[in-house]
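The next block holds one structure in the form of structure tokens; read it before the comments.
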Amino acid sequence: MNDQIQPDGSGAEHDHGALGDAEYAEFMELAAVEGFDIEDVEGAIDEAGHGPLPVLAVVGRPNVGKSTLVNRIIGRREAVVEDKPGVTRDRVTYEAEWAGRRFKVVDTGGWEQDVLGIDASVAAQAEYAIEAADAVVFVVDAKVGATDTDEAVVRLLRKAGKPVVLAANKVDGLSGESDAAYLWSLGLGEPHPVSALHGRGTGDMLDAVLEALPEAPEQTFGTAVGGPRRIALIGRPNVGKSSLLNKVAGEERVVVNEIAGTTRDPVDELIELGGVTWKFVDTAGIRKRVHLQQGADYYASLRTAAAVEKAEVAVILIDASENISVQDQRIVTMAVEAGRAIVLAFNKWDTLDEERRYYLEREIETELAQVAWAPRVNISARTGRHMEKLVPGIETALAGWETRVPTGRLNAFLGELVAAHPHPIRGGKQPRILFGTQAGTKPPRFVLFASGFIEAGYRRFIERRLREEFSFEGTPIHISVRVREKRGKKK
Numbered sequence: 001m002n003d004q005i006q007p008d009g010s011g012a013e014h015d016h017g018a019l020g021d022a023e024y025a026e027f028m029e030l031a032a033v034e035g036f037d038i039e040d041v042e043g044a045i046d047e048a049g050h051g052p053l054p055v056l057a058v059v060g061r062p063n064v065g066k067s068t069l070v071n072r073i074i075g076r077r078e079a080v081v082e083d084k085p086g087v088t089r090d091r092v093t094y095e096a097e098w099a100g101r102r103f104k105v106v107d108t109g110g111w112e113q114d115v116l117g118i119d120a121s122v123a124a125q126a127e128y129a130i131e132a133a134d135a136v137v138f139v140v141d142a143k144v145g146a147t148d149t150d151e152a153v154v155r156l157l158r159k160a161g162k163p164v165v166l167a168a169n170k171v172d173g174l175s176g177e178s179d180a181a182y183l184w185s186l187g188l189g190e191p192h193p194v195s196a197l198h199g200r201g202t203g204d205m206l207d208a209v210l211e212a213l214p215e216a217p218e219q220t221f222g223t224a225v226g227g228p229r230r231i232a233l234i235g236r237p238n239v240g241k242s243s244l245l246n247k248v249a250g251e252e253r254v255v256v257n258e259i260a261g262t263t264r265d266p267v268d269e270l271i272e273l274g275g276v277t278w279k280f281v282d283t284a285g286i287r288k289r290v291h292l293q294q295g296a297d298y299y300a301s302l303r304t305a306a307a308v309e310k311a312e313v314a315v316i317l318i319d320a321s322e323n324i325s326v327q328d329q330r331i332v333t334m335a336v337e338a339g340r341a342i343v344l345a346f347n348k349w350d351t352l353d354e355e356r357r358y359y360l361e362r363e364i365e366t367e368l369a370q371v372a373w374a375p376r377v378n379i380s381a382r383t384g385r386h387m388e389k390l391v392p393g394i395e396t397a398l399a400g401w402e403t404r405v406p407t408g409r410l411n412a413f414l415g416e417l418v419a420a421h422p423h424p425i426r427g428g429k430q431p432r433i434l435f436g437t438q439a440g441t442k443p444p445r446f447v448l449f450a451s452g453f454i455e456a457g458y459r460r461f462i463e464r465r466l467r468e469e470f471s472f473e474g475t476p477i478h479i480s481v482r483v484r485e486k487r488g489k490k491k
């Protein structure tokens, strides 16, 4: 096998994740020798090799049963459910599977009308949640029927152009199906009568969901030759995102194009930095101040999540003059879990004295340990100091995000690692990593095959050594482990 570390190119992905045909054949032969079930191995490679999962947003006004329906879809009780409008305060994402297909489910809070009216409260939530989705389940209370709020949501859904599955909830028997039939009037196609509480009709609804979702999400990362790479500038409120955006857009002289937005709410902007054009996604979420006090943090988190979903790189802006907050850590976690390349930008660096710099370093070591691998730039959005370091940081993160280690070289590395640092003996047994492969990139995704259960601490050790050997700077790494079943080797 070719043992050169390779950046992932437009032709790198095959039917076997990131493995080429010859590499795949050699790998499967090794798996058979070690006694693994071939179908299990193929499934593991396929699962690890996929790009981002399709996203299904579940939306609707308060108290129509969204979280109950989400629990039904994912098959477990995780979403907070209470018979009170507005219980879901944050946008939360779960993985689900139906008929062998996996996808993400986004549970959103309900739309509350306040003094600013439906335009502010509904649009702020609906547009942001729908924006990141591949398809939408719109939940309506069939017992109540279509309300003015529901009609407003329908207009937003039509404007977004995303596939919509209409769920007529709280239909507990045949008598309720006539109530569901009235929802044809919304013009969204067939209402699917369901009872989220009891599970009635959810199977048929999920069949419709699979028809609406793409087989695989639109994967444009790196496929547009010469096209601008996508950057999300994210961070908690008032850390200087608008100042940074205005600085790079103004001083670099190029703000060309407003793409995929409404006339009053531009979404993406092309900006030239370091001689290269970059697409900054969801700049409206940076430029436009949120005037709603109630729910402002909630809407901001929706906006952040939508931006991260569309980006390749998340530049996370942190106010260096303040202590690293829980909110900073949540935003970092959001970007990591989304699998994006990450750059940490510490703003207001020019205002720090030596004492603050010392304590900030200690905070970074403890509070941001999960992204110790991320490139870091210390900048001043106000003065433009060290702005030239931003592009090299982004390029470094993208390079790590797209790196692939060929299977031959990976297994040579694993063999040496296991020989020098074997897994601890537990219960009289010592599990071993037998072989592995990197099944995908963007971010790098590894599948390791073992003789027994591999503890979390040893997995973290493997990740550290992978980074030491192959860098992967600026990117999360996903490692899954498959354990050989207790049976004889296949003949």
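Residue numbers for the sequence shown, in full-length UniProt numbering: 1 to 491. We put the beta carbon where it would ideally sit given N, CA and C, even for glycine. These numbers were taken from a predicted model, which means no experiment stands behind them.
*Sort V447, I433 and R432 by Cα distance to A439 and report the nearest one.*
Counting from one through the sequence shown, the residue named residue 439 turns up at place 439. Nearest of V447, I433 and R432 to A439, Cα basis: V447.
*Could you tell me if R404 is buried or exposed, where buried requires 16 or more neighbouring beta carbons within 10 angstroms of its beta carbon?*
Numbered from its first residue, the sequence shown carries residue 404 at position 404. Buried, since its Cβ has 16 or more Cβ neighbours within 10 Å.
*Alpha carbon of E402 to alpha carbon of K442, nearest angstrom*: As a first step, residue 402 must be located in the sequence shown, where it is residue number 402. As a first step, residue 442 must be located in the sequence shown, where it is residue number 442. Rounded to the nearest angstrom, the two C-alpha atoms are 5 angstroms apart.
*asked:* Less than 7 angstroms between C-beta atoms, sequence neighbours within five positions excluded: which residues of the same chain meet that for V256?
replied: Within the sequence shown, residue 256 is the residue found at index 256, counting from 1. With a pLDDT of 33 at V256, under the threshold of 50, the predicted position of this residue should be treated as unreliable, and no value is reported.
*How is the beta strand (DSSP E) around L448 delimited, first residue to last?*
Here residue 448 refers to the residue found at position 448 of the sequence shown. Residues R445 to A450.
_Exposed unless 16 or more other CB atoms sit within 10 angstroms - verdict on H192_ = Here the question's residue 192 lines up with position 192 in the sequence shown. Counting Cβ neighbours within 10 Å, H192 comes out buried, since at least 16 surround it.
_Taking the beta carbon of A22 as the centre, do at least 16 other beta carbons fall within 10 Å, making it buried, or is it exposed?_
Here residue 22 refers to the residue found at position 22 of the sequence shown. Exposed: under 16 other Cβ atoms inside 10 Å.
*Do you know whose CA, among S451, A196 and V171, lies nearest L69's CA?*
What you label residue 69 is simply residue 69 of the sequence shown in a count that begins at 1. Closest option to L69, Cα to Cα, is A196.
*Using the C-alpha atoms, what's the distance from Y458 back to R465?*
Along the sequence shown, one-based indexing puts residue 465 at 465. Along the sequence shown, one-based indexing puts residue 458 at 458. Each residue's Cα considered, the two are about 11 angstroms apart.
*Rounded distance between the beta-carbons of L186 and I146, thought under 8 angstroms*: Start at 1 with the first residue of the sequence shown, and residue 146 comes out as number 146. Start at 1 with the first residue of the sequence shown, and residue 186 comes out as number 186. Ile is not the amino acid found at residue 146; the sequence shown has Ala there. Correct: roughly 6 angstroms between the Cβ atoms.
*Which stretch, first to last residue, makes up the alpha helix (DSSP H) that contains E322?*
Position 322 of the sequence shown, counting from 1, holds the residue named residue 322. Where E322 is concerned, there is no enclosing alpha helix (DSSP H), given that its DSSP letter is neither H nor E.
*Pick out whichever of K143, E395 and V343 has its Cα sitting closest to the Cα of S175.*
Position 175 of the sequence shown, counted from the first residue, corresponds to residue 175. Per the Cα distances, K143.
*Can you tell me the Cα-Cα spacing of I316 and F346, whole angstroms?*
To locate residue 316, count along the sequence shown from 1; it is residue 316. To locate residue 346, count along the sequence shown from 1; it is residue 346. Looking at the two C-alpha atoms, the distance is approximately 8 angstroms.
_Segment contact flag, the segment 463 to 479 with the segment 361 to 381, C-beta cutoff 8 angstroms, min 3 pairs_ = yes
*Below 8 angstroms CB to CB, which residues in the same chain sit around G65 once its five sequence neighbours on both sides are set aside?*
Along the sequence shown, one-based indexing puts residue 65 at 65. The residues are V139, D141, N169, K170, A196 and L197.
*With a CB to CB cut of under 6 angstroms and the five nearest residues on each side skipped, what residues in its chain are close to V165?*
For the purposes of this step, residue 165 is taken as residue 165 along the sequence shown, with counting starting at 1. Closer than 6 angstroms at Cβ, skipping near neighbours: V137, A208, V209 and A212.
*Where the alpha helix (DSSP H) containing G428 begins and where it ends*: Counting from one through the sequence shown, the residue named residue 428 turns up at place 428. It is not in any alpha helix (DSSP H) - G428 carries neither H nor E in the DSSP assignment.
*Can at least three beta-carbon pairs, one atom from the segment 306 to 321 and one from the segment 227 to 242, be found at a separation below 8 angstroms?*
yes
*Just tell me which of D172, W184, S178 and L188 has its CA closest to the CA of L156.*
The residue labelled residue 156 in the question sits at position 156 within the sequence shown. It is L188 whose Cα lies nearest to the Cα of L156.
*So the beta strand (DSSP E) L414 belongs to, where does it begin and stop?*
Within the sequence shown, numbered from 1, the residue matching residue 414 stands at position 414. Element bounds for L414: not the beta strand (DSSP E) but the alpha helix (DSSP H), T407 to A420.
*Going straight from the alpha carbon of G427 to that of G240, what length do you get?*
Residue numbering aside, residue 427 sits at position 427 when the sequence shown is read from its first letter. Residue numbering aside, residue 240 sits at position 240 when the sequence shown is read from its first letter. Looking at the two C-alpha atoms, the distance is approximately 53 angstroms.
_Extract the residue ranges of the beta strand (DSSP E) inside the segment 303 to 386, only unbroken runs of 3 or more that lie entirely within it._
313 to 319, 341 to 347 and 376 to 378
*How would you label A366, buried or exposed, when you count the other beta carbons within 10 angstroms and need 16 or more for buried?*
Counting from 1 along the sequence shown, the entry for residue 366 is found at position 366. According to the sequence displayed, residue 366 carries Thr and not Ala. Exposed, because fewer than 16 other Cβ atoms sit within 10 Å of the Cβ of T366.
*Sequence-distant residues of its chain with Cβ nearer than 8 angstroms to I379 (five each side left out)*: Counting from one through the sequence shown, the residue named residue 379 turns up at place 379. Only L244, A345, F346, N347, W349, R385, H386, M387, K389 and L390 meet the Cβ criterion.
*Please go through the same chain and pick out, in chain order, the residues whose beta-carbon is closer than 7 angstroms to the beta-carbon of R72, but skip the five residues on each side of it.*
Position 72 of the sequence shown, counted from the start, is the residue given in the question as residue 72. The answer, listed in chain order, is A196, G199 and T202.
*Candidates N246, L434, Q430 and P214, of which the one nearest G415 by Cα*: Translated into the one-based positions of the sequence shown, residue 415 becomes position 415. Residue L434 is the option with its Cα nearest to G415.
*How many whole angstroms separate the CB atoms of L368 and I324, which I take to be in contact at a CB cut-off of 8 angstroms?*
Position 368 of the sequence shown, counted from the start, is the residue given in the question as residue 368. Position 324 of the sequence shown, counted from the start, is the residue given in the question as residue 324. Right, their Cβ atoms sit about 7 angstroms apart.
*Would the beta-carbon of I231 fall within 8 angstroms of that of V313?*
Sequence index remark: in the sequence shown, residue 231 carries index 231 (1-based). Sequence index remark: in the sequence shown, residue 313 carries index 313 (1-based). Yes; because the gap between Cβ atoms is below 8 angstroms, this pair is in contact.
*Where does P62 sit, in a helix, a strand or coil, going by DSSP?*
Here residue 62 refers to the residue found at position 62 of the sequence shown. Looking at P62 - three-state DSSP - the assignment turns out to be coil, as it is neither helix nor strand.
*Could you check what DSSP says for G436 in three-state terms: helix, strand or coil?*
If you number the sequence shown from 1, residue 436 lands on position 436. If DSSP states are grouped into helix, strand and coil, G436 belongs with the strands.
*asked:* With H, G and I counted as helix, E and B as strand and the rest as coil, what does DSSP make of T403?
replied: Within the sequence shown, numbered from 1, the residue matching residue 403 stands at position 403. If DSSP states are grouped into helix, strand and coil, T403 belongs with the strands.
*asked:* Between which residues of its own chain and Q327 is the CB-CB distance below 6 angstroms, once the five residues before and five after are set aside?
replied: Your numbering for residue 327 matches position 327 in the sequence shown. So the qualifying residues of the chain are R236.
_Here's the rule: buried if 16 or more other CB atoms are within 10 angstroms of the residue's CB, otherwise exposed. What is F36?_
Here residue 36 refers to the residue found at position 36 when the sequence shown is read from its first residue. The residue in question, F36, is buried, as its Cβ has 16 or more Cβ neighbours within 10 Å.
_8 angstroms Cβ cutoff, E177 in contact with chain C_ = Among the chains of the structure shown, chain C does not appear; only one protein chain is present.
*Can you round the beta-carbon distance between P163 and P54 to whole angstroms, since I take them to be within the 8 angstroms contact cut?*
Along the sequence shown, one-based indexing puts residue 163 at 163. Along the sequence shown, one-based indexing puts residue 54 at 54. P163 to P54, Cβ: 11 angstroms. No contact.
_With H, G and I counted as helix, E and B as strand and the rest as coil, what does DSSP make of I462?_
Counted from its first residue, the sequence shown places residue 462 at position 462. Reduced to three states, the DSSP call for I462 is helix.
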